[in-house]
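Residue numbers are given in the UniProt record's numbering: position 39 of the sequence shown equals residue 39, and the series is strictly consecutive. Data block below; observations after.
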Amino acid sequence: MGNTSEWPTEYLYKFIVPTDAKKIEEVENAFDNMGAVIKTHQSKAGKYTSVSINVMMESPADVVEKYIEVSSIEGIISF
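And the structure:
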């Protein structure tokens with residue numbers, strides 16, 4: 001049997017966005033009112049900002065839905 005998770009569970013999203021306050025805010029707004037813990041870290045050159053988000057998710061489908069929601073942010077990289 002493979003790895004399985006019990007749902008709901010805490011999920012860690014990681015994104016990289018161009019360092020632009022508006023783009024970072026768009027990512028943060030996607031997780032607004034969800035009790036998410038959001039941490040940002042700017043790259044050495046300052047061109048990009050990583051955004052890590054720990055949040056309780058109800059199901060794998062909800063996780064995918066969030067990835068789809070933020071995919072419209074220009075320049076975002078999800079991993």
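Even glycine gets a Cβ: it sits at the ideal position worked out from N, Cα and C.
GLU10 lies in the beta strand (DSSP E); which residues open and close that run? Unbroken beta strand (DSSP E) run through GLU10: 9-18.
Report, in whole angstroms, the separation of the C-beta atoms of ILE16 and SER50, which I expect to be a contact under 8 Å. Contact holds; Cβ gap of about 5 Å.
Would you give the residue range spanned by the alpha helix (DSSP H) that ILE24 belongs to? Counting along the chain, ILE24 sits inside the alpha helix (DSSP H) bounded by residues 21-30.
Which one of GLU69, ALA30, ALA21 and MET57 has the shortest CA to CA distance from HIS41? For the options GLU69, ALA30, ALA21 and MET57, the alpha carbon positioned closest to that of HIS41 is the one of ALA21.
In or out: residue 81 buried (at least 16 other Cβ within 10 Å) or exposed? Outside the shown range of the chain, which is 1 to 79, sits residue 81, and nothing can be said about it.
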